[in-house]
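Chemist: Got a structure for you, written out below as structure tokens; questions coming shortly.
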Amino acid sequence: MDVYDPQTLGIVVFGGFMVFSAIGITLVSTFSMKETSYEEALAKQRQDSDKIQPQRSDKKKKASEKKNKAKKKEEKPNGNISEPEPEPIPEPVVENSEPKAAPHVEPEPEPEPQPEPVIVSEPEVKPKPVVPEPAPKIVECAVPPTVNAVVATLAPSPKEKKKKKLAKVEPAPVKPVEVPEVVVKVEPVVAEVAAKAAVPPEVAAPSKAEELKTEAPTKKKSKKKAEPVVSVETVNAPQPSPYKTMVSILTSSSFNESEIQKLFEIISKKAGKDSWQLASQKGDPLAALKKQLEEKEKQLTAEQGNVAAAKTRVRELTKELSSAKSKMTSVETHMSSELSARGQEISALQARMQDSNQEHVKETQQLNSKIQSLQEQLENGPNAQLARLQQENSILRDALNQATSQAESRMQSLAKLRQDCVHLNRELKERTAAQHAEEEHRKTLQNRWPAAEEQLAQTKVSHVDAEQALQKKLDRVSEELREAQHGSTTLQAQADAAKEQAKTLTELQERMCATETELKDRCEELEILRAQLSQEKPSVETEAAVQAEVQKEVEHLRSSLKEKEDQLTSLEAELHQLREELDTVKRTQAEESLNRVNEANTERREYTAEINQLKTSLKEKEDLVAALQAQLEKMESAYTIEAEPPFENLERDARMISLEEELQQLKEEMERMKAKSNELREKNYAAMEALASAERLSEERLSQAKATQSEIEQQLSSFQTDTRDAFQKLFPHISIETHQSNWLEAFTHEAQKTLAHSPAEQQHTESSSDLTDLQQKLALSEESQRSLQAECEQYRTTLSETESMLKVLQKSVEDGELIWNSKISDAEQQKQAALDQVKVLEETIEKINAETQDTDQLKGQVMLLEAQLEKQLESITISQMYAEEMSQLKALLSETQVQLVSAKAEAQEQKAELSLVNSQLEEETNKVQTEEDIRQQVANNYEQAQKCIRDLEAQLEKLQAAGEGPTAELKERLEKEKKLTRDLGQAATKLQQLLKSTQEELDKETETVKNLQEQEAEESKEGTSV
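This is how it looks when you write it as structure tokens:
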């Protein structure tokens, strides 16, 4: 990472700012919100009440003696009471003005003095921040300064009404301050002191709002009006008052939501009984305040319902997360087991390949040694035979000389020879019969020979045809592999495009959520403003301030949206750059593949030239061998007349032994060729299995992509239903049709109509000056709504476009799958056909082996014939016939040798073609590897882009948190939006993890395919070198 990169610097600065802000928030929350528990506060209050009870019992006895003092205290109820010092809190405190009672109250003398209850009021502000309200409550309360104003609310008699008229009490207005709650405790009359001292006070502070509480004793008037009333002296008592203790306890305690609600209901009931009856409802600000409180209580209940719904939603999301995690763990275990199994298979394949390689090396060495020995025999054989024949000729000449010298001795033995002639004639007759039988046997053999030659020719033709068919099928398979690779690249590109579109969809969904939440907030604010305007005119100024703040927030949100759009443009530019890089990489890859193909073609041409040279050299050697054999036959025919039978027998035996050895060598070579063909079959099977596994992986990836797409569509549908429900709640009188495509435009039009009708109704009730101000404010709010609606329509159009693109991508993916499946089926059919042809070739090879066995039998028969001919060497005619037969047999053997040599050459050509096919497979696998490397690079770039998007989302969330308005509704909705974005982010992370796992599996499989192809290439190279 570059340190001076503006993006990295911005991220670092933003992260530091967030860290410092989090530290500040934690410090403020720890030091400013230290509270005692509710139980401790109750315990303290009970202790104080226990201390006060005995003092009150003593004061009851002295109450009769102090009636005059009580009357004086009635005139000045709050004169000696010291106000409790307000505790320092961050929010402003209500200032209770206590005017003196002397100048304001003018009591009239009455004939019958009536005892009045003593009321001691000690108001004090007590803040309790527990639940955030949408807006701070402005409480305007007037504390009654004198006793007469409080007593007037309790006595319904006409005398007390006169007192109320006479007592011109001016209530001191308290400044409207944004405070949580004001709790006021007034001590009751002596009759109820003992009972209420033991009961712990219950105070409710639901959402930083406080109320003024005044408790007045309610007495039942009996028929006897002259009952004495004893006043309690609580002012001069040294112990602290229960009001102070209760206030101190409430300031240092913490409550649950249910306890706060209960306390709030009790205070509201008591306030409804006592404090709201101080003045008439005509033009009294207290009635308006009471109405505001009731409305705000309704809002509180609605917000609590929303909070419960959000909690249920969070629980559902946690359940979904747990299920998704369990699925991911099961998938990971399955994939790890598959990887281990594949690793074992690869190790077994490597061991097999090593063994086959070693065997192949040994076979090549043996063949080289045999070829050298054969060459030496070819060079040295004819010369040695000529020297031997010359020696035999010299020996025979010496023998002839000796025979002439011994002719005289032989004349003596003529008599003996005549006797032997009789015996020889008998033997000749027997041998002629045997010769006739042998001639018949030879004729049968000659009749069989052309049939065997025809079978050999047919096998050769079938072998050639099978080789050509195999070559064609190999070419087809290679072409289909190339097409499949191209299809896989296109599918990968489509998948990348689908991912990018999914990203855009998530961003558009977030924007839609933000805009719709803003619309809801604005609509609710408009309704609140209209209700307040219908109730109060002086609150227009405060609403104008609130609306100005709302407009500021709207402007702030618009600026943030512009920043987001700029960031999106930058991201699109980066994506364009990445695509250009991909195009360049593809071009370079295509050029490299073309270069490799050209190199392979050149190597193939070189190999074919070498093979042709070897064939020509073999033909030359065969011609030399044939010439030498002809010379030998001539020499043998020339010397058969002169030579004696034992020497000819020895030569024939040596030749037959050499021919048998050559036949054995040919058999061994045929067996080796069979073994090599079996190895090549195994390699082909392994390659086909690797291709099948790659196809399965591609299908699994496609299924995963479809599943993610279905999840995104479900989220879109749920989001649309949520928005419709929210609009229906805001405007219940407007009907929303779900089947319409432009339901939002119709809804906005009807909402504008309803908003336009509402100011027309208010014109009759309010003054002209207020109407102009209100109309201006409404016009501004409607303009903001229209702008937001226009943005929503833009987002809607983009969403529809993306959905159409997704549908097109789905269709293309399905078409690609169909094409891929058809290609796979064709390849399997061709594979089966090739296997059938291989089986046919194996059968032909077995037939050839059987024919070679027949030749072995023929050799045995030839040996028998030679044994019989040795006995008949005495007669010249029999020897001549035997020589002719030997020449024929030699010709037949030479022809079989030529056929075997041609079969070897064809086998070598097949090896060369197989090596070329393996090299092509290697090139294709290299191409696949390079493409996979490019995909990995693209995936890394994709991950980096997602990280940037996450950072931007975090910044937006922080900006939204920083730009929270004074209302709590905006905060709650922002929290909901954050939850939705988190859910989407989790879904995106799941998709990324799945993509990473599939890419890792692809890499491992490509490595295994590479290893197999390298081993095949090495073996093919060794075969070509042999």
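Residue numbers (numbering that gives the first Met the number 0): 0 to 1025.
Beta carbons are placed, not taken as given, at the ideal position from N, Cα and C, and that holds for glycine.
Please state whether the Cβ-Cβ distance between Lys1009 and Thr924 is less than 8 Å.
Modeler: Here residue 1009 is taken as the residue at index 1010 of the sequence shown, counted from 1. Here residue 924 is taken as the residue at index 925 of the sequence shown, counted from 1. Contact: yes.
Chemist: Just to confirm, is the Cβ distance from Glu912 to Ala1016 under 8 Å?
Modeler: As a working mapping, residue 912 is identified with position 913 in the sequence shown. As a working mapping, residue 1016 is identified with position 1017 in the sequence shown. Going by C-beta atoms, Glu912 is not nearer than 8 Å to Ala1016.
Chemist: Report the option in Val807, Arg981, Val927, Glu905 whose CA atom is closest to the CA atom of Asp464.
Modeler: Counted from its first residue, the sequence shown places residue 464 at position 465. Nearest C-alpha to Asp464: Glu905.
Chemist: Would you say the beta carbon of Phe263 comes nearer than 7 Å to a heavy atom of the ligand MN?
Modeler: As for the ligand MN, it is missing from this structure, which has no ligand bound.
Chemist: What do you get for Phe263, buried or exposed, if any count of 16 or more other CB atoms within 10 angstroms of its CB means buried?
Modeler: The residue you call residue 263 lines up with position 264 of the sequence shown. With 16 or more other Cβ atoms within 10 Å, it is buried.
Chemist: With a threshold of 16 other CB atoms inside 10 Å of the CB of Ile259, please say whether the residue is buried or exposed.
Modeler: Looking up residue 259 in the sequence shown gives position 260. That one is buried.
Chemist: Does Asp4 come out as helix, strand or coil in the three-state DSSP assignment?
Modeler: What you label residue 4 is simply residue 5 of the sequence shown in a count that begins at 1. Residue state, collapsed to three classes: coil.
Chemist: Please list, in chain order, all residues of the same chain as Glu678 whose beta carbon is under 7 Å from its beta carbon, the five residues on each side excluded.
Modeler: The sequence position of residue 678 within the sequence shown is 679, counting from 1. Same-chain partners within the cutoff: Ser355.
Chemist: Please report how far the alpha carbon of Ala308 lies from the alpha carbon of Ser716, in whole angstroms.
Modeler: For this step, residue 308 is matched to residue 309 along the sequence shown. For this step, residue 716 is matched to residue 717 along the sequence shown. Taking the straight line joining both Cα atoms gives about 19 Å.
Chemist: Which whole-angstrom value is the C-beta distance of Thr244 and Gln44, which I expect to be below 8 Å?
Modeler: Mapped onto the sequence shown, residue 244 falls at position 245. Mapped onto the sequence shown, residue 44 falls at position 45. Sure, about 5 Å apart at Cβ, within 8 Å.
Chemist: From Asp982, Val12, Trp448, pick the residue whose C-alpha is nearest to that of Thr505; which is it?
Modeler: Along the sequence shown, one-based indexing puts residue 505 at 506. For the residues Asp982, Val12, Trp448, the minimum Cα distance to Thr505 belongs to Asp982.
Chemist: Just to confirm the assignment: which complete beta strand (DSSP E) runs, minimum length 3, are found wholly within the segment 408-459?
Modeler: List check, beta strand (DSSP E) in window: nothing returned.
Chemist: Assuming the contact rule is C-beta atoms closer than 8 Å, Ala40 and Ser257 should be a hit. Round their C-beta distance to whole Å, please.
Modeler: For the purposes of this step, residue 40 is taken as residue 41 along the sequence shown, with counting starting at 1. For the purposes of this step, residue 257 is taken as residue 258 along the sequence shown, with counting starting at 1. That belief does not hold up - the Cβ atoms of Ala40 and Ser257 are roughly 17 Å apart, past 8 Å.
Chemist: Going straight from the alpha carbon of Glu632 to that of Arg396, what length do you get?
Modeler: Here residue 632 refers to the residue found at position 633 when the sequence shown is read from its first residue. Here residue 396 refers to the residue found at position 397 when the sequence shown is read from its first residue. Taking the straight line from one Cα to the other gives about 21 Å.
Chemist: Roughly how many angstroms separate the alpha carbons of Ile818 and Gln831, rounded to a whole number?
Modeler: The residue given as residue 818 occupies position 819 in the sequence shown. The residue given as residue 831 occupies position 832 in the sequence shown. Computed Cα separation, rounded: 20 Å.
Chemist: Any idea what DSSP makes of Gln405, helix, strand or coil?
Modeler: To locate residue 405, count along the sequence shown from 1; it is residue 406. Here Gln405 sits in coil by DSSP.
Chemist: Hey, how far is the Cα of Gln998 from the Cα of Ile933?
Modeler: Taking the first residue of the sequence shown as 1, we reach residue 998 at position 999. Taking the first residue of the sequence shown as 1, we reach residue 933 at position 934. Whole-angstrom Cα-Cα distance: 12 Å.
Chemist: Assuming Asp950 contacts Ile10 (C-beta within less than 8 Å), just tell me the rounded distance between them.
Modeler: Position 951 of the sequence shown, counted from the first residue, corresponds to residue 950. Position 11 of the sequence shown, counted from the first residue, corresponds to residue 10. Right, their Cβ atoms sit about 6 Å apart.
Chemist: Please report the straight-line C-alpha distance between Glu453 and Thr488, rounded to a whole angstrom.
Modeler: Counting from one through the sequence shown, the residue named residue 453 turns up at place 454. Counting from one through the sequence shown, the residue named residue 488 turns up at place 489. Each residue's alpha carbon lies about 52 Å from the other.
Chemist: Can you say whether Lys326 is buried or exposed, counting buried as having 16 or more other CB atoms within 10 angstroms of its CB?
Modeler: Here residue 326 corresponds to residue number 327 of the sequence shown, with the count starting at 1. Lys326 comes out exposed.
Chemist: Between the alpha carbons of Leu399 and Ser393, how many angstroms are there, rounded?
Modeler: Taking the first residue of the sequence shown as position 1, residue 399 is located at position 400. Taking the first residue of the sequence shown as position 1, residue 393 is located at position 394. Cα to Cα, Leu399 sits roughly 10 Å from Ser393.
Chemist: Are the CB atoms of Glu931 and Thr1005 nearer to each other than 8 Å?
Modeler: On the sequence shown, residue 931 is found 932 positions in, with the first residue counted as 1. On the sequence shown, residue 1005 is found 1006 positions in, with the first residue counted as 1. The answer is yes: Cβ separation under 8 Å.
Chemist: Mind checking whether Gln829 and Arg475 have CB atoms under 8 Å apart?
Modeler: Mapped onto the sequence shown, residue 829 falls at position 830. Mapped onto the sequence shown, residue 475 falls at position 476. Yes, these two residues count as a Cβ contact at 8 Å.
Chemist: Reducing DSSP to helix, strand and coil, say where Val192 ends up.
Modeler: Mapped onto the sequence shown, residue 192 falls at position 193. With a pLDDT of only 35 at Val192, under 50, the local geometry of the prediction cannot be trusted, and no value is derived from it.
Chemist: Given this structure, state the Cα-to-Cα distance separating Thr29 from Ile22, to the nearest angstrom.
Modeler: Start at 1 with the first residue of the sequence shown, and residue 29 comes out as number 30. Start at 1 with the first residue of the sequence shown, and residue 22 comes out as number 23. Each residue's alpha carbon lies about 11 Å from the other.
Chemist: Cutting at 6 Å between CB atoms, please list the residues of its own chain near Gln928, excluding the five before and the five after it.
Modeler: Numbered from its first residue, the sequence shown carries residue 928 at position 929. Answer for Gln928: Thr1005, listed in chain order.
Chemist: Measure the C-alpha to C-alpha separation of Arg425 and Arg441 and round it to an integer number of angstroms.
Modeler: As a working mapping, residue 425 is identified with position 426 in the sequence shown. As a working mapping, residue 441 is identified with position 442 in the sequence shown. Going by the C-alpha atoms only, they are around 24 Å apart.
Chemist: By the 10 Å Cβ neighbour count, where 16 or more other Cβ atoms means buried, how is Phe254 classified, buried or exposed?
Modeler: The sequence position of residue 254 within the sequence shown is 255, counting from 1. Buried, by the Cβ-count rule.
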